[in-house]
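Novice: Dropping the structure in here first, questions after.
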Amino acid sequence: MCGRFYVPEKEMDDFTKLVAEVERSLLKKYGEIYPGDTVPVITPGKGKREVHAVKWGFPSWKGRGLIINARSETAHIKPFFREPFKKRRCVIPASGFYEWKKEETGEKKRKIKHLITVGNKLFYMAGLYWFFREDDSDSVLYPAFTILTTEANNKMRHIHNRMPVIINDENIEKWLFSDNTEDVLPLLRPPEDDRIDITEAV
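For the sequence shown, our numbering assigns the number 1380 to the initial residue and increments by one for each residue that follows.
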């Protein structure tokens, strides 16, 4: 699962400059990103990458809450995600993501917040995006994304059994532009254990 992630000020500024000026006012400044925030997301354009301001979380078909994650193993066949998987794949830049684990400290139990980084540099989480209306009467569409998750690697598993899919730099073009779903399925795997670092977050 991925319930929050982190984008530092410099990286957020760099990507914000690539977003169309009309969209920039929608963006969260930088730092810890929460569901419902709007952030720069890399999408396929006409033969090249584009960066757009996109809200985190598909609206729930139940009418409340946001769908912030989708299981990568089944997203390409689930009715709600099938079309986005086929036509609108994206990557979300981040420098880390957060996960919580309940731990006993003496007589008390508390949730410990952990920051997970990948190679101590900017990385790209696999996502899907689509366009939605706020309600049935609204004629204006807005873009939203969800983050694809996979089974956690061995290093991460003691904290949570799921983690975001990380797309390696050399595979971003294939992930964004391939017309063949079968070609991109092998990309949906966890990073190697030695690529991630886990620290207790403040």
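Just so you know, even glycine gets a beta-carbon here, dropped at the ideal spot from N, CA and C.
It should be emphasised that the depicted structure is a prediction, and the values quoted were computed from it without experimental measurement.
Would you mind sorting W1509 into buried or exposed? The rule is 16 or more other CB atoms within 10 Å of its CB.
Specialist: It counts as buried.
Novice: Suppose you measure from the CA of K1490 to the CA of S1518; what does that come to, to the nearest Å?
Specialist: Near 42 Å, if we compare the C-alpha coordinates of S1518 and K1490.
Novice: Does the Cβ of A1399 have 16 or more other Cβ atoms within 10 Å, making it buried, or fewer, making it exposed?
Specialist: Label assigned to A1399: exposed.
Novice: Considering only the beta carbon of each residue, do T1496 and D1576 sit closer than 8 Å?
Specialist: Going by C-beta atoms, T1496 is nearer than 8 Å to D1576.
Novice: Suppose contacts are defined by Cβ-Cβ distances below 8 Å. Is T1525 in contact with P1543 by that definition?
Specialist: No, the pair does not count as a contact, with Cβ atoms beyond the cut-off.
Novice: In the DSSP output, what is M1542 paired with across the bridge?
Specialist: DSSP, once it has assigned bridges, lists T1529 as partnering M1542.
Novice: Closest to E1549 by C-alpha separation, out of P1522, Y1503, T1578, I1538, would be which residue?
Specialist: Considering only alpha carbons, the answer is Y1503.
Novice: Measure the CB-CB distance between I1546 and L1566 and report whether it falls below 8 Å.
Specialist: For I1546 and L1566, yes; Cβs fall inside 8 Å.
Novice: What span of residues does the alpha helix (DSSP H) with L1555 cover, start to end?
Specialist: It spans 1551-1556 - the alpha helix (DSSP H) in which L1555 sits, taken as one unbroken run.
Novice: Look up D1576 in the DSSP assignment and say whether it is helix, strand or coil.
Specialist: Strand.
Novice: May I ask you to report which of helix, strand or coil DSSP gives K1465?
Specialist: If DSSP states are grouped into helix, strand and coil, K1465 belongs with the helices.
Novice: Count the CB pairs spanning the stretch 1464-1476 and the stretch 1382-1391 that are closer than 8 Å, and state whether there are at least three.
Specialist: Yes, since at least three Cβ pairs between the stretch 1464-1476 and the stretch 1382-1391 fall closer than 8 Å, the two stretches touch.
Novice: Got a sec? Which residues, its chain only, sit under 8 Å from H1537 by beta carbon, not counting five neighbours each side?
Specialist: For H1537, where only same-chain residues beyond five positions count, the Cβ hits under 8 Å are K1480.
Novice: Who are the near neighbours of L1405 in its chain, counting only those whose CB is closer than 6 Å to its CB and skipping five residues on each side?
Specialist: Here the set comprises T1417, A1432.
Novice: Can you give me the Cβ contacts of H1493 inside the same chain, cut-off strictly under 8 Å, excluding the 5 residues immediately before and after it?
Specialist: These residues qualify, in order along the chain: Y1477, E1478, W1479, K1480, I1538, I1577, T1578, E1579, A1580.
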